[in-house]
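*Asks:* Structure incoming, see below.
There are 2 protein chains.
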Amino acid sequence: MTATQPLRVALAGLGTVGAGVVKLLDANRDLIERRAGRGIEIVAVSARDRAKDRGVDIARFAWEDDTARLADRSDADVVVELVGGSDGPALALARATLAGGKSLVTANKAMMAHHGLELAQAAETAGAALKFEAAVAGGVPVIKGLRDGAAANRIDRVYGILNGTCNFILTKMEAEGRDFADVLAEAQALGFAEADASFDIDGVDAAHKLSILASLSFGTGPAFGDVATGGIRHVLAADIAEAAALGFKVRLVGVAEAGPHGLFQRVHAHLVPVDHPLAHVSGALNAVVAEGNFVGRLLFQGAGAGDGPTASAVVADLIDIARGEFGPPYAMPAASLSAPNAADSGDRRGRAYLRFMVADKVGVLAEIAAAMRDAGVSIESLMQRGAEADGSVLVAIVTHEGPERSVAHALDKLRGSPSLAGEPLWMHIL
Amino acid sequence: MTATQPLRVALAGLGTVGAGVVKLLDANRDLIERRAGRGIEIVAVSARDRAKDRGVDIARFAWEDDTARLADRSDADVVVELVGGSDGPALALARATLAGGKSLVTANKAMMAHHGLELAQAAETAGAALKFEAAVAGGVPVIKGLRDGAAANRIDRVYGILNGTCNFILTKMEAEGRDFADVLAEAQALGFAEADASFDIDGVDAAHKLSILASLSFGTGPAFGDVATGGIRHVLAADIAEAAALGFKVRLVGVAEAGPHGLFQRVHAHLVPVDHPLAHVSGALNAVVAEGNFVGRLLFQGAGAGDGPTASAVVADLIDIARGEFGPPYAMPAASLSAPNAADSGDRRGRAYLRFMVADKVGVLAEIAAAMRDAGVSIESLMQRGAEADGSVLVAIVTHEGPERSVAHALDKLRGSPSLAGEPLWMHIL
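Those sequence lines, one after another, are chains A and B. The end of the first sequence is residue 469 by this note's numbering, with every number in the run present. The end of the second sequence is residue 469 by this note's numbering, with every number in the run present.
In structure tokens, the structure reads:
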């Protein structure tokens with residue numbers, strides 16, 4: 040095959056992203072051929088339902104009922120996997136594709152988070168490409184930004200807003216003063232959130248993406264299991280209002296940091312100072328910041344989901360492959376990725392936002408303040424807001440910078456106290 | 040040469056950026072070798088003064104008194120050109136390097152804006168790389184972002200804050216309410232602005248960069264001569280205050296747009312809505328927005344200058360070359376770049392901010408309003424602020440959206456009117 044022959048693609052999965060890839064390759068065909076130096080052509084597709092109307096003509100492509108068969112097609116150079124799921128048919132297809140020496144492009148963050156190292160090794164053995172730009176931050180080319188753009192830097196920290204659903208919900212709560220459950224229900228009705236939204240709102244999706252960014256940034260094997268993962272389910276409109284009064288926005292932020300104590304990875308609701316670039320990331324946007332030892336702080340921002348942006352990332356990977364511009368999936372050979380050593384969050388220092396719903400009675404504030412004092416947590420500010428409808432009172436504390444271990448001790452001391460109505464909320468300050 | 044031999048670099052120019060490249064290659068040596076698949080080693084350097092203390096040890100490198108000789112060294116694979124200037128020694132070195140079949144990495148925006156097409160053709164003929172990430176937006180990997188990250192998209196518009204000196208001055212004027220000349224003098228005293236700052240403050244530097252972005256975005260040959268170029272010299276603290284009252288920040292923005300009337304390129308002071316990402320780009324930061332037909336709006340942001348960030352971009356290019364991951368300099372063969380057809384700004388539609396300093400006498404407002412009416416310019420708002428020390432009065436107008444030709448006609452009508460104290464200021468609204 041000479042470089043002027045088209046790159047031939049077998050496409051697995053024809054949901055909105057798969058249909059988007061078909062549309063993009065049709066719409067921008069000539070441009071892509073000029074930029075890639077050769078055409079990119081879909082030769083075969085597979086999905087659950089052949090007859091479904093997807094707004095694109097798929098009759099011109101060969102059809103496989105069995106998605107796994109795409110890996111065996113001799114007329115394809117690359118398989119694009121848009122099936123989803125960390126295991127099952129997606130993983131089987133990925134393994135078969137690479138084992139057969141074909142390249143693989145995937146948008147599957149769960150699969151990469153769980154099986155990325157194995158797949159990278161398979162790709163290297165085969166001399167094939169494994170590309171996953173669409174797995175993180177949708178259309179934002181942050182994988183390429185880290186692999187190529189920031190390649191000269193030791194990355195010290197990578198963090199960002201990695202889940203558009205959570206950001207959509209938080210910014211709507213912020214704009215309209217509404218509570219979480221209410222906004223989630225609306226987002227689900229509008230199709231902006233899945234019926235089972237727990238992967239999004241409990242931070243799992245963002246944790247998948249963060250673990251991928253950490254591998255690329257730090258040259259460590261993917262360690263999804265080490266991500267301390269939290270979500271936004273317990274954030275109240277009142278928390279957002281308190282944060283605003285203090286000069287912060289509330290955002291679900293994934294942070295990965297390589298330090299002397301090891302690799303720290305966390306997805307959690309954070310207070311972000313209003314003058315930080317992430318504070319201006321609204322709605323379904325995603326943004327990633329990488330801090331390099333020479334370049335300083337780089338920001339990449341754009342649409343984190345949607346058929347067009349995600350297709351843009353998938354096809355950018357195909358263009359890399361068509362150009363022959365790909366190397367080891369994690370920028371260095373899988374064998375040279377170091378085993379990550381998970382850092383203990385207790386060793387971290389930072390400021391915290393702590394919110395308690397408490398009974399409206401004498402001595403509660405003293406109890407909280409004593410727990411903080413006994414654990415060595417220094418309080419920067421404390422706000423108490425009048426009684427809610429149910430008679431409970433909101434107490435919000437911002438701490439001075441200190442070890443997270445101390446905050447955890449203070450919360451342990453208060454656990455089960457009859458003064459508290461429900462679990463306290465702990466948000467970190469970025 | 041096998042791929043495991045180091046990439047050997049000859050470095051021309053040892054100013055702050057050149058010294059930064061030496062420091063970076065020292066500091067991140069092992070990491071770069073892992074990421075690039077081979078080492079990257081400087082073998083020879085050239086600069087004006089061999090003895091000058093640059094904080095880096097250059098005695099270990101071969102020295103050339105004559106910079107042009109670097110192109111002839113048989114022990115180098117790549118020349119890094121950090122000499123500067125659109126022509127002269129930089130261009131001679133670039134031509135000789137590529138003619139001799141070596142690859143070239145440059146941070147030289149002026150040379151790329153004026154001679155980029157010729158150099159790209161020379162690189163393609165030689166099968167060598169021509170890389171210029173550091174020429175635009177310092178450490179921000181926007182060249183790679185457009186060439187690779189956004190490669191699947193038809194880019195409709197690319198725009199951004201491309202000159203850190205102007206942005207530093209404007210944000211300082213904004214924060215401190217001071218006038219241009221005052222802040223410029225301070226920036227020069229602090230070394231943040233050149234003694235001869237005209238390339239920066241009159242928009243020429245940003246125009247160089249914009250023409251490079253336009254070539255990559257639209258597949259057109261560089262057309263620096265077609266950039267309508269203006270600067271920030273005439274922006275008053277009072278303009279920034281008026282803009283703020285209307286919900287805008289003032290920024291020097293370069294905009295390139297491919298439309299039905301041709302390619303439009305302009306560098307000009309703009310009013311940027313406070314909720315636009317560019318409104319949050321402060322100090323010496325740079326940011327570029329690319330709007331693609333599938334990906335939507337992508338934002339790349341970071342340090343636009345400085346030795347560390349610029350060295351980061353230069354070495355990222357060297358890593359691309361070490362990996363063998365480079366193609367035609369403008370992402371498609373130079374021969375296939377279309378000749379840009381410059382669009383007439385008069386055909387553009389938009390909103391405008393117009394500011395007049397006028398004599399404090401009866402009838403002046405009526406004269407301005409009549410000129411607007413006669414030219415068909417519709418006024419959205421008009422503010423008149425009390426007399427300045429010299430007795431002149433500031434009148435600021437924001438127009439409704441309309442053809443720029445009409446605004447130009449209105450200003451023509453007013454030209455030379457004895458009612459006006461000095462030239463009006465026209466800023467576009469982004």
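Backbone N, C-alpha and C define an ideal beta-carbon position, used for all residues, glycine too.
Any contact of the segment 332–352 of chain B with the segment 175–182 of chain B, i.e. 3+ C-beta pairs under 8 Å?
*Replies:* yes
*Asks:* Name the two residues that bound the continuous beta strand (DSSP E) containing Phe287 of chain A.
*Replies:* Phe287 to Gly298
*Asks:* Per the contact definition of three or more C-beta pairs closer than 8 Å, is the segment 314–330 of chain A in contact with the segment 197–213 of chain A?
*Replies:* yes
*Asks:* Fully enclosed by the segment 104–171 of chain A, which beta strand (DSSP E) runs are 3 residues long or longer?
*Replies:* 117–120 and 142–145
*Asks:* Using CA coordinates, which residue listed in B:Asp265, B:Gly94 and B:Arg87 is at the minimum distance from Leu63 of chain B?
*Replies:* B:Gly94
*Asks:* So with CB distances below 8 Å, who are the chain A contacts of Arg336 of chain B?
*Replies:* Gly341 and Ala342
*Asks:* Please compile the residues from chain B whose C-beta is within a distance smaller than 9 Å of the C-beta of Gly258 of chain A.
*Replies:* Leu70, Arg73 and Arg74
*Asks:* Give every residue of the same chain whose Cβ lies closer than 7 Å to the Cβ of Val60 of chain B, excluding the five residues on either side of it in the sequence, and list them in chain order.
*Replies:* Leu50, Val119, Ala350, Val353 and Val354
*Asks:* Which residues in the same chain have their Cβ closer than 7 Å to the Cβ of Thr43 of chain A, if we skip the five residues on either side of it in sequence?
*Replies:* Annotation for Thr43 of chain A: Arg77 place their beta carbon closer than 7 Å to its own, counting only its chain and skipping 5 residues before and after.
*Asks:* Please classify His319 of chain B as buried or exposed, where buried requires at least 16 other C-beta atoms within 10 Å of its C-beta.
*Replies:* buried
*Asks:* For Met422 of chain B, is the classification buried or exposed, using 16 other Cβ atoms within 10 angstroms of its Cβ as the cut-off for buried?
*Replies:* exposed
*Asks:* Per DSSP, what are the beta-bridge partners of Val84 of chain A in this structure?
*Replies:* DSSP, once it has assigned bridges, lists A:Leu50 and A:Trp102 as partnering Val84 of chain A.
*Asks:* Counting only C-beta atoms, is Asp413 of chain A closer than 8 Å to chain B at any point?
*Replies:* no
*Asks:* Between the C-alpha atoms of Ala107 of chain B and Leu132 of chain B, what's the straight-line distance to the nearest angstrom?
*Replies:* 5 Å
*Asks:* At which residues does the beta strand (DSSP E) containing Asp69 of chain A begin and terminate?
*Replies:* Unbroken run through Asp69 of chain A is the alpha helix (DSSP H), Arg68 to Ala75; no beta strand (DSSP E).
*Asks:* Whose Cβ in chain A lies nearer than 9 Å to the Cβ of Asn380 of chain B?
*Replies:* Chain A residues near Asn380 of chain B: none, gap ~18 Å exceeds 9 Å.
*Asks:* Does DSSP classify Ile208 of chain B as helix, strand or coil?
*Replies:* helix
*Asks:* My understanding is that Glu281 of chain A touches Ala435 of chain A, with C-beta atoms under 8 Å, so please give their C-beta distance in whole angstroms.
*Replies:* 5 Å
*Asks:* Do you know offhand how far Ala228 of chain B's Cα is from Ala234 of chain B's?
*Replies:* 9 Å
*Asks:* In this structure, how does DSSP classify Gln304 of chain A when only helix, strand and coil are distinguished?
*Replies:* strand
*Asks:* Apart from the five residues on each side of it in sequence, which residues of its chain come closer than 6 Å, Cβ to Cβ, to Gly244 of chain A?
*Replies:* The displayed chain sequence assigns Asp, not Gly, to residue 244 of chain A. Counting only Cβ-Cβ distances below 6 Å, and skipping sequence neighbours, we find Asn202 and Phe238.
*Asks:* CB-CB under 8 Å to Ala284 of chain A, same chain, minus the five flanking residues each way: which ones, in chain order?
*Replies:* Met422
*Asks:* Report yes if the C-beta distance between His273 of chain B and Val292 of chain B is below 8 Å; otherwise report no.
*Replies:* no
*Asks:* State the start and end residues of the unbroken alpha helix (DSSP H) segment that holds Asp356 of chain A.
*Replies:* Start and end: Asp346 to Arg362.
*Asks:* What in chain B is Cβ-close to Val179 of chain A, meaning under 7 Å?
*Replies:* Leu337
*Asks:* According to the neighbour-count rule (16 or more other Cβ atoms, all chains shown, within 10 Å of its Cβ), is Ala129 of chain A buried or exposed?
*Replies:* buried
*Asks:* With a threshold of 8 Å, are at least 3 pairs of Cβ atoms found where one atom belongs to the segment 358–372 of chain B and the other to the segment 374–382 of chain A?
*Replies:* no
*Asks:* Rounded to whole angstroms, how far is the Cβ of Lys170 of chain A from the Cβ of Ile360 of chain A, which I believe are closer than 8 Å?
*Replies:* 7 Å
*Asks:* List, in order along the chain, the chain B residues whose C-beta lies closer than 7 Å to that of Glu103 of chain A?
*Replies:* Here the premise fails: no neighbours, minimum Cβ distance about 25 Å.
*Asks:* Have a look at Val222 of chain A and Leu310 of chain A and give me their C-alpha separation to the nearest angstrom.
*Replies:* 20 Å
*Asks:* Measure the CB-CB distance between Arg193 of chain A and Asn67 of chain A and report whether it falls below 8 Å.
*Replies:* The beta carbons of Arg193 of chain A and Asn67 of chain A sit no closer together than 8 Å.
*Asks:* Within this structure, are the beta carbons of Val432 of chain A and Glu419 of chain A separated by less than 8 Å?
*Replies:* no
*Asks:* Based on the DSSP output, what are the partners of His467 of chain B in its beta bridges?
*Replies:* B:His309 and B:Ala391
*Asks:* Which residues share a DSSP beta bridge with Tyr369 of chain B?
*Replies:* Beta-bridge pairing links Tyr369 of chain B to no other residue.
*Asks:* Compare the C-beta of Ala323 of chain B against all C-beta atoms of chain A and say whether one is closer than 8 Å.
*Replies:* no
*Asks:* Apart from the five residues just before and just after Met212 of chain A, which ones in its own chain have a Cβ nearer than 6 Å to its Cβ?
*Replies:* Val222, Ala276 and Ile279
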